[in-house]
Amino acid sequence: MIMRGATAAVIETYYIIACAGAALFGAVVGSFLNVCIYRVPLRESIVTPRSFCPSCRKTIPLYDNIPILSYLLLRGACRSCGSRISPVYPVIEVATALISLLLFHKYGLSWKYGISFIFVSALLVVTVIDIRYQIIPDAISIPGIPLAVLASAAVMGRPWLDALLGALIGGGLLFLVAAGYWLFTRREGMGGGDIKLLAMIGGFFGWQSLFFIVLASSVAGALVGLAIILMKKGSLKYAVPFGPFLSLAAFLNFFVGDVFERLLFFHQGNPW
Ligand SMILES: [Zn+2]
819 MIMRGATAAV IETYYIIACA GAALFGAVVG SFLNVCIYRV PLRESIVTPR
869 SFCPSCRKTI PLYDNIPILS YLLLRGACRS CGSRISPVYP VIEVATALIS
919 LLLFHKYGLS WKYGISFIFV SALLVVTVID IRYQIIPDAI SIPGIPLAVL
969 ASAAVMGRPW LDALLGALIG GGLLFLVAAG YWLFTRREGM GGGDIKLLAM
1019 IGGFFGWQSL FFIVLASSVA GALVGLAIIL MKKGSLKYAV PFGPFLSLAA
1069 FLNFFVGDVF ERLLFFHQGN PW
C-alpha cells in the first residue's frame, strides 16, 4: 500500500511539472501571437524582422523578450526609449498560457492538444484584431475553414460529414442573418468576417456544436452590447464586434460542448 501511494505521488509530481511546462510553452506561443496581432492587420511578415519597439523601432534584445517576465522587469517601458509598452502584450501571454494549460489538462500530450491549441490561438488573434480594428483578417479565416475541417476529421476524430456540414451550416447561418438584416435595414450588420469565422468554428467542432456556439455567443454579445448602451446612456454608436463572442463560445465549447450536445440530442445515460 505504501508503494502504491508513493507511485501515485510520483505520477502527481510529474503531472504538475508537465502542466507547468504546458503553461510555459503557452506563454512563449503567446509572445508569438502578439507579433501576429500587431503585424497581420498591417500585412507585414510574421517571421522577419525580429520584434522591435513600435515607438523607437529598435530591435528588442532576447533578454528583454521573455514572456510576461520582461514586461514586469522593465515595468512596462521600452529599455531604449522609455515609451510605455501596452499591457495587452503580457495579458495575451498569460491568456495563452492558461489556454495551453486547460487544453493540456483535457487532452494530455497528444495531437488533439496540439491542434486544439493552434485553433484557439488563431481565435485569440482574431479576437484582439476584431476588437482593435473591427475586422477579421481573411489571412486567418479563409485558410482556416478547410484546415479546420481537415483537423476535425483527421485529428479530432469527428466524421467528415459532420465537420463539412459544420462549416457549411455555420457559414450559411450567419450569411442568412446578414442577408436578412440588410434586407430590412439596408445596412451591414454582420460582417463577412463573422460568416467565415463561424464556418471555421463549425468545421472544427461539427454541425452539432453550432447550437451551443450560436446561443452562447448571442447571449454574451447581447449582454455586453446592453451594458455598453447603458454605460454610454445612448444608442450603440459603433457596432460591437461579434468575432470575440464567437471565439469565446468556441473555446467554452471544448469544456461544456459535449454535455450540451448530449442534453440537446437526448442521448442515453447521464450527460455529466
Ligand atoms: Zn522604444
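Numbers given in the working numbering equal positions in the sequence shown, counted from 1, plus 818.
Even for Gly, the Cβ is constructed at its ideal location relative to N, Cα and C.
Keep in mind that this is a model prediction, so the values were computed, not measured.
With a cutoff of 8 Å on beta-carbon distance, residue 1075 and residue 1018 are scored as not near each other. For a cut-off of 8 Å, the C-beta gap from residue 985 to residue 1020 is around 5 Å, short enough to register as a contact. Contact check between the region 901 to 915 and the region 880 to 892: three or more CB pairs, one atom from each, fall below 8 Å, which counts as touching. Spatial neighbours of residue 861 in its own chain (CB-CB distance under 7 Å, excluding positions within 5 residues in sequence) are not present. Between residue 859 and residue 955, the C-beta spacing is below 8 Å.
Using a Cβ distance threshold of 8 Å, residue 930 and residue 973 count as a contacting pair.
Secondary structure at residue 993: helix, using DSSP grouped into helix, strand and coil. Residue 969: member of the alpha helix (DSSP H) spanning 956 to 972, first to last residue.
Relative to ligand 1, the beta carbon of residue 888 is positioned no closer than 7 Å to any heavy atom. If only uninterrupted alpha helix (DSSP H) runs of at least 4 residues are considered, those enclosed by the region 994 to 1047 are 1010 to 1023.
Residue 827 counts as exposed, since fewer than 16 other beta carbons sit within 10 angstroms of its beta carbon. The distance from the Cβ of residue 945 to that of residue 1036 is about 17 Å, inconsistent with a contact at the 8 Å cut-off. With fewer than 16 neighbouring CB atoms inside 10 Å of its own CB, residue 883 falls in the exposed class. Note that the region 842 to 849 touches the region 911 to 919; at least 3 beta-carbon pairs, one per stretch, sit closer than 8 Å. Nearest to residue 1079 by C-alpha distance, out of 1067, 823, 1030, is 1030.
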